[in-house]
Amino acid sequence: MARDPAGNRSAERRLHDDGLIGRRTYLKAGAAAVSLTLGSAAVAGAAIERHGISFDRTVDLVADFGADPTGGVSIDSALRKAVQTGTLVVLPEGTYKLTSTFTTSAERFGIVGDGDVTLVPTGFRGKFIDLWQSDEFLFEGIDVDVRNNRNTGLKVYCRTKFHVENVEYLGRGGRSGQAFNLGLHDERGVGVLRNARVKNGGYMDLYDGGDGRIGIWSGWANKGTLRVLDCDFREFGNNGLYTGRTPGNIQVEGCYFENNNVSSVRISGRGAG
Numbered sequence: 324m325a326r327d328p329a330g331n332r333s334a335e336r337r338l339h340d341d342g343l344i345g346r347r348t349y350l351k352a353g354a355a356a357v358s359l360t361l362g363s364a365a366v367a368g369a370a371i372e373r374h375g376i377s378f379d380r381t382v383d384l385v386a387d388f389g390a391d392p393t394g395g396v397s398i399d400s401a402l403r404k405a406v407q408t409g410t411l412v413v414l415p416e417g418t419y420k421l422t423s424t425f426t427t428s429a430e431r432f433g434i435v436g437d438g439d440v441t442l443v444p445t446g447f448r449g450k451f452i453d454l455w456q457s458d459e460f461l462f463e464g465i466d467v468d469v470r471n472n473r474n475t476g477l478k479v480y481c482r483t484k485f486h487v488e489n490v491e492y493l494g495r496g497g498r499s500g501q502a503f504n505l506g507l508h509d510e511r512g513v514g515v516l517r518n519a520r521v522k523n524g525g526y527m528d529l530y531d532g533g534d535g536r537i538g539i540w541s542g543w544a545n546k547g548t549l550r551v552l553d554c555d556f557r558e559f560g561n562n563g564l565y566t567g568r569t570p571g572n573i574q575v576e577g578c579y580f581e582n583n584n585v586s587s588v589r590i591s592g593r594g595a596g
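Going by our numbering, the sequence shown opens with residue 324, and the numbers climb by one from there.
Set out below in structure tokens:
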């Protein structure tokens, strides 16, 4: 289960096998504190602020909307009902099946895992979440099992702010698409991708004339600042991080890239570095 590794960032950069310290090793250490924070808020339906995004209420997708945490029944309908402007949706520990792309016009919302949470996109093509109209968005503490939808990914274009943290893709990615497609509509907007891990991104020999799978893509639509922090991206058929066509600012810190075709980091922008 994904947890905030704020106290372990220097340790995370130490090598283990051929990469960084194992994600779940330090994630378990902070589990109790984070679970208590999310759990108490969810039970009370209380307002909460997380990573600079304020929520008017919290809801439990299982207790309040009847979602199936065993992966047997799709959560599509429950998630659509739960997501409203100002709502933080909490997924208790479990496995959740998604059978279509989730999209919404809610202006400010979040989806977070409380415990060991896995999302399983199944039976459709395209992104598992595709956002274009929201102002602020939080996605945290949810792993994504891509074995039933190997070309899927997370697409987030917000006006002013997004924060995506503690996400691991499970299984090997496919031939095309992007694991993350990210950007901000507003020049003053800031988006953060932190502690995202995709160690089996795709197939290194499938550049496919430029259509091979990319780890992180941010293109012309991004006008704001994208911060990529403490991430691990490996074995993509295209670039590990491809932000060479954005007018926005790109900042990469503390990340690990390995065995990505073309390049691991392809970067430009006014504030690239």
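Even for Gly, the Cβ is constructed at its ideal location relative to N, Cα and C.
Listed as beta-bridge partners of Phe-556 by DSSP are Val-521 and Phe-580.
Secondary structure note for Leu-402: its alpha helix (DSSP H) is the uninterrupted segment 399-405. Taking a 10 Å sphere around the C-beta of Asp-528, we find fewer than 16 other C-beta atoms and assign the residue as exposed. Uninterrupted beta strand (DSSP E) stretches at least 3 residues long and entirely within the stretch 399-459 occur at 410-421, 431-444 and 452-454, given in chain order. Here the stretch 392-405 makes no contact with the stretch 498-507; the two share fewer than three CB pairs at distances below 8 Å.
Straight-line measurement puts the Cα of Leu-384 at about 34 Å from the Cα of Gln-574. Between the beta-carbon of Lys-484 and that of Gly-375 there is about 7 Å, and that keeps the pair under the 8 Å contact cut. Contiguous beta strand (DSSP E) elements confined to the stretch 481-526 occur at 484-493, 501-507 and 513-521, taking only those with 3 or more residues. Contact check for Gly-571 and Gly-547: beta-carbon distance about 5 Å, within the 8 Å limit, so the pair qualifies. Counting along the chain, the unbroken beta strand (DSSP E) around Thr-381 starts and ends at 380-383. Annotated three-state conformation of Asn-572 is strand, per DSSP. In the three-state reduction of the DSSP assignment, Ser-377 falls in the strand class, which pools E and B. Non-local beta-carbon contacts of Arg-589 in its own chain, meaning distances under 6 Å to residues more than five positions away in sequence, involve Asn-562, Tyr-565 and Gly-567 in chain order. In the assembly as shown, Gly-446 is an exposed residue. Its beta-carbon has fewer than 16 other beta-carbons within 10 Å. Secondary structure of Val-585 (DSSP, three-state): coil.
Separation of the CB atoms of Leu-414 and Gly-436 is rounded to 5 Å, and the pair is thereby assigned contact status at 8 Å.
When DSSP states are grouped into helix, strand and coil, Val-467 belongs to the strand group. In the DSSP annotation of this structure, the continuous segment of the beta strand (DSSP E) that includes Gly-538 starts and ends at 537-540.
Going by beta carbons, Val-406 and Thr-427 fall inside the 8 Å limit. Bounds of the beta strand (DSSP E) holding Thr-566 are 564-566. Among the bridge pairs identified by DSSP, Thr-475 is matched with none.
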